[in-house]
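The opening position of the sequence shown corresponds to residue 5 in this note's numbering, with each subsequent residue numbered one higher.
All C-beta atoms, glycine included, are put in the ideal place defined by N, C-alpha and C.
These numbers were taken from a predicted model, which means no experiment stands behind them.
Scroll down for the structure; my scribbles are underneath it.
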Amino acid sequence: MAKSTLMFWAIFGLAVILPKVVLVVTVAVLTMQTVLILVRLGARVSAGSSPKTQGRDVCPVFSVHVAIHNEPPILVNATLHALFRQEFPSDRVEIIVIDNNSTNPALWSPVERECSLLGDRFRFLHREGVIGAKAGALNIALDHTRPDATHIVTIDADYVVQPDFLADAERALRRTGADYVQFPQAYRRTDSIAQGVDIELEEYFRSEARMADDAEAVLLTGTLCVISKAALLCVGGWSGRTTTEDAELGVRLCKGGFTGRYIPKVVGNGLLPLTLTDLLKQRYRWTSGNLRTLVLYLPNLLWHSGALRTRQVVAIIAQLGAWLNFGLVPAAALLATALFNPAFTVLMTVAAVSILLALGDIISRLMTRSIKETESLALGVAAITSRLALAPAAARATADACFSSTQKFIVTRKFASSHNCHSHVPLDHMVLFALALSALWNVRELSLTIQLGVGALTLPLPAAWWVTEQLTRYRSVAFHTPDAKEISA
């Protein structure tokens with residue numbers, strides 16, 4: 005049983021028999037939640053000044069690394085063809101495909117053949133027994149990089165980049181003078197379907213990444229990042245200590261005195277997770293991995309920041325805290341007290357305030373961004389709905405990462421077959437809905453704050469149903485259009 009499950013039911017039980025103890029814990033959680041929100045607000049307030057780095061004259065030689073594991077070969081080959089079509093001098097680029105721990109030759113052999121057909125610039129490596137998941141695979145690719153390469157480029161298996169991607173990367177390096185640059189993640193075929201899911205995912209780049217760019221403390225987000233090879237080697241390469249090896253590397257690069265910039269131009273598009281289950285697993289990995297990274301480096305960032313400026317430390321913490329959700333403890337405390345000890349209104353009030361603060365934070369972040377960028381209230385509501393559907397997974401991940409130093413890397417599935425894409429609404433959502441619905445009757449005569457707090461806990465289930473329907477429609481468009489052969493298996 006997951007530690008987060010044990011924690012939920014432990015808090016639930018203690019709230020009935022020892023409510024004062026749970027009150028202390030809930031106040032502590034509310035305090036951490038408030039501090040994180042203030043850190044994010046502080047990061048935004050300090051943003052806006054011009055970065056200090058100046059442009060430099062560089063002539064980069066790119067080594068593009070594509071790490072794959074049990075990926076649909078047609079999808080990977082579409083990614084490779086997009087790299088083949090780059091409008092960039094062929095003598096200054098190589099592409100290394102590293103397949104790690106895929107035991108079925110039917111998945112990696114077609115990719116190996118495609119690399120041989122695409123020419124000498126493409127190299128394919130297959131390794132089994134790789135330790136460190138994606139980080140381990142990327143270190144293998146790093147070891148096989150051509151000696152004169154100046155920059156490492158990472159591309160996810162499902163990302164089809166635009167023909168001018170590498171040219172854009174060169175221009176970005178020259179203009180900013182940065183040691184590494186990060187382009188935004190973006191998703192194809194979301195113009196009319198699953199826009200709420202898309203905008204919810206995009207919010208990180210339009211908020212945290214832009215804010216961090218001003219501080220020159222951008223953390224990496226995996227795909228579409230371009231890193232100085234010298235800087236990467238200087239900080240020790242990739243690490244599998246957390247499940248977000250990209251963000252962890254970004255922290256080490258910042259601490260090492262290297263500058264990172266965010267380039268707000270879409271240069272490639274990938275696939276959305278195909279089911280709610282996959283989306284929840286992705287959010288769990290992002291949340292838990294970033295929190296583990298924060299736990300690992302927070303003492304050092306606060307007391308031994310070295311060359312880092314205060315605003316850079318704030319920017320790093322804000323990015324790592326972007327997905328955190330502290331709702332597990334207050335949710336358990338509020339529901340247990342409402343159902344079995346409704347006379348202890350102090351605990352219910354504190355827990356409800358914590359839940360409503362989290363809800364208000366979600367609404368303000370996504371609605372403000374959606375209205376500002378898209379001028380659409382409906383898209384803002386859709387993005388909020390998507391974030392609510394993911395809230396239980398983020399809360400679980402936050403709790404688990406606090407009490408576990410070991411993490412398992414989970415690859416987001418990209419197969420479109422019906423038996424792989426059947427998605428159920430998780431038990432977490434249904435249990436939360438049932439408990440909250442039952443508790444609403446008990447708190448009908450209590451304060452509005454308590455009623456709203458309990459009511460907010462009913463929202464993830466209908467939100468999950470909506471996201472499931474959106475992703476079902478998304479799959480039908482992504483895999484049943486005339487050019488679907490480029491992205492389907």
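Which residues bound the alpha helix (DSSP H) around residue i?
{"i": "A467", "result": "P464 to A482"}
{"i": "E204", "result": "Q199 to Y208"}
{"i": "S106", "result": "It is not in any alpha helix (DSSP H) - S106 carries neither H nor E in the DSSP assignment."}
{"i": "K138", "result": "A137 to D147"}
{"i": "Y288", "result": "L280 to W307"}
{"i": "L332", "result": "L332 to F344"}
{"i": "Q58", "result": "No alpha helix (DSSP H) holds Q58; DSSP gives it neither H nor E."}
{"i": "V458", "result": "L452 to A460"}
{"i": "E249", "result": "E249 to K259"}
Per DSSP, which residues does residue i bridge with? Please list them.
{"i": "A3", "result": "A query on residue 3 cannot be resolved here, the shown segment of the chain reaching from 5 to 493 and no further."}
{"i": "E98", "result": "S67"}
{"i": "F128", "result": "V101"}
{"i": "V157", "result": "V68 and V230"}
{"i": "V26", "result": "Bridge partners of V26: none, in fact."}
{"i": "Y191", "result": "G274"}
Determine the direct distance from the alpha carbon of residue j to that of residue i, and round the result to whole angstroms.
{"i": "K489", "j": "P114", "result": "Residue placement at K489 is poorly supported in this model, since its pLDDT is 44, which falls under 50; the coordinates still yield a value, given next. Each residue's Cα considered, the two are about 15 Å apart."}
{"i": "V353", "j": "V101", "result": "The question names Val, yet the displayed sequence has Thr at residue 353. Using only the alpha carbons, I get a separation of about 54 Å."}
{"i": "C238", "j": "A340", "result": "51 Å"}
{"i": "R369", "j": "A387", "result": "10 Å"}
{"i": "H423", "j": "T453", "result": "Residue placement at H423 is poorly supported in this model, since its pLDDT is 46, which falls under 50; the coordinates are not used for a value here."}
{"i": "R125", "j": "S94", "result": "8 Å"}
{"i": "L463", "j": "Q37", "result": "20 Å"}
{"i": "G241", "j": "L441", "result": "50 Å"}
{"i": "P23", "j": "F348", "result": "8 Å"}
{"i": "L450", "j": "P466", "result": "25 Å"}
{"i": "I15", "j": "V28", "result": "12 Å"}
{"i": "R48", "j": "R313", "result": "15 Å"}
{"i": "L494", "j": "E207", "result": "Because the chain in this structure spans residues 5 to 493, residue 494 falls outside the shown range and cannot be described."}
{"i": "A69", "j": "V62", "result": "This sequence places His at residue 69; Ala is not what is there. Approximately 20 Å between the Cα atoms of the pair."}
{"i": "T279", "j": "T372", "result": "27 Å"}
{"i": "T281", "j": "V429", "result": "8 Å"}
How is the beta strand (DSSP E) around residue i delimited, first residue to last?
{"i": "Q186", "result": "Y184 to Q186"}
{"i": "L275", "result": "Unbroken run through L275: none, as it is neither H nor E."}
So, are the CB atoms of residue i and residue j less than 8 Å apart?
{"i": "N446", "j": "A342", "result": "yes"}
{"i": "L324", "j": "T291", "result": "no"}
{"i": "A221", "j": "A311", "result": "no"}
{"i": "L332", "j": "M11", "result": "yes"}
{"i": "T158", "j": "S358", "result": "no"}
{"i": "Y191", "j": "L300", "result": "no"}
{"i": "A198", "j": "L475", "result": "yes"}
{"i": "L111", "j": "P77", "result": "yes"}
{"i": "Y266", "j": "A216", "result": "yes"}
Considering only residues of the same chain and omitting the five flanking positions on each side of residue i, which have a CB-CB separation below 7 Å?
{"i": "R60", "result": "R178 and G181"}
{"i": "T263", "result": "T57, A182, D183 and E220"}
{"i": "K7", "result": "A403, D404, F407 and S408"}
Between which residues of its own chain and residue i is the CB-CB distance below 8 Å, once the five residues before and five after are set aside?
{"i": "T485", "result": "Residue confidence for T485 is low, a pLDDT of 41 falling below 50, so the modelled location carries little weight and cannot support an answer."}
{"i": "L302", "result": "I321"}
{"i": "I135", "result": "G244"}
Below 6 Å CB to CB, which residues in the same chain sit around residue i once its five sequence neighbours on both sides are set aside?
{"i": "D432", "result": "P396"}
{"i": "Q316", "result": "A219 and A221"}
{"i": "I21", "result": "none"}
{"i": "A438", "result": "none"}
{"i": "G254", "result": "L223 and L224"}
{"i": "A19", "result": "V26, A337, A340 and T341"}
{"i": "L228", "result": "F187 and G272"}
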